[in-house]
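Working notes, structure below.
Residue numbers (the working numbering), protein chains in the order written: chain W, 1 to 331; chain A, 1 to 331.
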């Protein structure tokens, strides 16, 4: 793990291979109405965390990358289906500085695109090899679909409630965010015919990584440099989103002024733009950012610790590297 | 096939059994936000054509009903997912006289409900029996999901075009409507371990039946008694929907006045309410209704003819009876 540049090169090598497979796959899709929206949503310069986790989890258990590639595309497809639909539900016009599907086209297109992406994703899962883990891959993949929806439902329910506890929040992001990341490492391992112990390790890895990822997302919303993050700083505060930060502040805050500020946030479902600096100052003063960083570090360590029993190899080292990469990410 | 009342009783017996299984299934679903919408969309007094086709196709190949029951629920679930999403895409406030999901709740709920219903439907498909037809059931089911979306995309594309041909229309309803009905009879047969010849017969049966069903739907829109149909007569004319009727009229019409009327329909994407009687009179005079009835009869006979090689039994007779039932339906 000393030579960081090698891991980055390796990541990019597999990433390029994934992008190539994805491009070929998308170009084989025939639909006059949906091809352009599909290309638009699936093309990006992202880290492709989920498919990369599929590929490196496959590698970690000694699998062959070609067995993982279609599953990797399926996971990225399922992830992007959730974005297409969530952006309508949340009425978000932008994602990472780009117009969202329903804004660039219309709601009907965004709904239908998401729907067909579920079908396309399922069709990418392996079916014809009798001796394989196909059924377990299917079941895990479909559970991820269901649980992501359950997480979104919980998110919608929490929006109606004045406040929620930190535990309720963690339960929600476990479903809404972590489940797909957990499914990625699990399915990667299954596609490589990992042992039961290896699969369980990969599941725990993915879950912890997913939680670290979401808390990091909450933190970056308040601290990121705007040009890197692709949206304005403090957007969650404007939107009244119940994040790790505000729920931690609520737990810590003692003095009356802070409590009033937090109460106002919950009562008005967000703060006015001019109050953002005041909120950020409070977060800073109360140690909310450090608390978040501590949690992210904890979950990152938990993720890495989960796979310690997997035999050392390049796949496992890449999983360690990815955990650190996400921990350090600035956007 | 002489004693019609027995078939009706038998249909109702299996229908009641299906409703009971469905109710138990729905009551086991836990989600504070989505349970009520799920109950609302899945509860009705309909004929439940798709699940009944699963059950009787299973019976026709000598299967056991309990093997078909979860597939039957899955098909009804997939059908209702399409309704929840289509109603948003078409902005339809009512379906069969009842408020649609997005109207009664909101768009976010209707989108998320449809999404989770896909997952729930997949989870109902058989998985754990190694010797079974599980993979073929899964593949057929997922193809139905994809093709239904392709059909909806084609429908959206056709909305943008001034006119389409009758053949293009048939291709579209083959995907959008017939595919799920075809999947129902096919999956019913697979769940009962039918022979290859039996499954192929059931596929052809379902496809022909689905086409008969959709053309009947188009016909009923113009001819049904309003209280039975649950929506106003001529709604498709108001909406500018390109149906079997208008496309047949376009093919047949010779005199200038008729051609102008049809042109106006296509140019203005529909007619005004006061012009509906004029359109219906034209349909009548041109023999469009008879043409539709002839096509419905043709497809009905084709459906019945498709399964003639299946050994006579009560399941097969029920499939005949359902074909006639749909042919004669008034709503």
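For every residue, glycine included, the Cβ atom is placed at its ideal position computed from N, Cα and C.
These figures come from a predicted structure and were not determined experimentally.
Query, Result
"If you count every other CB in all the chains shown that lies within 10 Å of the CB of residue 295/A, and 16 or more means buried, which is it?", "buried"
"My parser needs the alpha helix (DSSP H) runs of 4 or more residues fully inside the region 288-320 of chain A; what are they?", "288-306"
"Which bits of chain W does residue 120/A rub up against, with CB to CB less than 7 Å?", "146"
"Can you check whether the C-beta of residue 1/W is within less than 9 Å of a C-beta belonging to chain A?", "For residue 1/W, the predicted structure reports a pLDDT of 49, less than 50, and the residue's modelled location is therefore unreliable. A value from the coordinates is still provided. By this cut-off, residue 1/W is not an interface position."
"Which same chain residues, not among the five before or five after residue 107/W, have their C-beta less than 6 Å away from its C-beta?", "88"
"The region 25-58 of chain W: which residues have C-beta closer than 7 Å to a C-beta of chain A, in chain order?", "31, 32, 33, 34"
"Under the DSSP definition of a beta bridge, which residues are partnered with residue 94/W?", "99/W"
"Measure how close the beta-carbons of residue 319/W and residue 57/W come, nearest whole angstrom, since I'm counting them as under 8 Å.", "7 Å"
"Taking residue 207/A as the reference, give the member of 306/A, 164/A, 158/A with the closest Cα.", "306/A"
"Answer with buried or exposed for residue 308/W, where buried requires no fewer than 16 other C-beta atoms within 10 angstroms of its C-beta.", "exposed"
"Unbroken alpha helix (DSSP H) runs of length 4 or more, entirely within the region 122-206 of chain W: which are they?", "134-160, 166-173, 179-191"
"Evaluate the contact criterion for the region 33-53 of chain A versus the region 160-175 of chain A: three or more CB pairs, one atom per stretch, below 8 Å.", "no"
"When you compare the CB positions of residue 271/A and residue 315/A, do they come within less than 9 Å of one another, or not?", "no"
"Please confirm if residue 186/A has its CB atom under 9 Å from at least one CB of chain W.", "no"
"Considering only residues of the same chain and omitting the five flanking positions on each side of residue 252/W, which have a CB-CB separation below 6 Å?", "286"
"Pairs of beta-carbons, one from the region 186-201 of chain A and one from the region 63-75 of chain A, closer than 8 Å: are there three or more?", "yes"
"Could you name the residues of chain W that residue 174/A contacts, counting a contact when the two beta carbons are closer than 7 Å?", "Within chain W, no residue comes near residue 174/A; the closest Cβ sits about 15 Å away, beyond 7 Å."
"Short of 6 Å in beta carbon distance, which residues of its chain neighbour residue 237/A, apart from the five on each side in sequence? Order them along the chain.", "271, 276, 279"
"Beta-carbon within less than 8 Å of residue 67/W's beta-carbon, same chain only, minus the 5 sequence neighbours each way: which residues are those?", "58, 126, 191, 192"
"In terms of residues, what are the limits of the alpha helix (DSSP H) holding residue 251/W?", "244-252"
"Mapping the DSSP letters down to three states, classify residue 1/W as helix, strand or coil.", "Confidence at residue 1/W is low in this model, with a pLDDT of 49, below 50, so its placement is unreliable and no value can be given for it."
"I'd like the list of long-range same chain contacts for residue 265/A, defined as Cβ closer than 8 Å, with 5 residues on each side in sequence excluded.", "237, 240, 246, 271, 279"
"Can you give the Cα-Cα distance for residue 29/A and residue 73/W, rounded to whole angstroms?", "30 Å"
"Are the CB atoms of residue 15/W and residue 52/W nearer to each other than 9 Å?", "yes"
"Taking a contact to mean a Cβ-Cβ separation below 9 Å, would you say residue 85/W touches residue 114/W in this structure?", "yes"
"Among 250/W, 202/W, 211/W, 290/W, whose alpha-carbon lies nearest the alpha-carbon of residue 223/W?", "290/W"
"Assess, as a yes-or-no matter, whether the region 19-34 of chain A is touched by the region 321-330 of chain W under the definition of 3 or more beta carbon pairs within less than 8 Å.", "no"
"Taking all protein chains shown into account, decide if residue 144/A is buried (16 or more other Cβ within 10 angstroms of its Cβ) or exposed.", "buried"
"Check whether the Cβ atoms of residue 100/A and residue 83/A sit closer than 9 Å, and answer yes or no.", "yes"
"Give the secondary structure of residue 210/A by DSSP, where H, G and I count as helix, E and B as strand, and everything else as coil.", "helix"
"Let me know the secondary structure DSSP gives residue 47/A once reduced to three states.", "coil"
"Report the three-state DSSP secondary structure of residue 64/A (helix, strand or coil).", "coil"
"Compute the distance between the beta-carbons of residue 77/A and residue 110/A, then report whether it is under 9 Å.", "no"
"Any idea what DSSP makes of residue 329/A, helix, strand or coil?", "coil"
"Please tell me whether residue 333/A has its Cβ less than 9 Å away from any Cβ of chain W.", "A question about residue 333/A goes unanswered here, because the residues of chain A that appear run from 1 up to 331."
"So is residue 212/W buried or exposed if we call it buried at 16+ other beta carbons inside 10 Å?", "buried"
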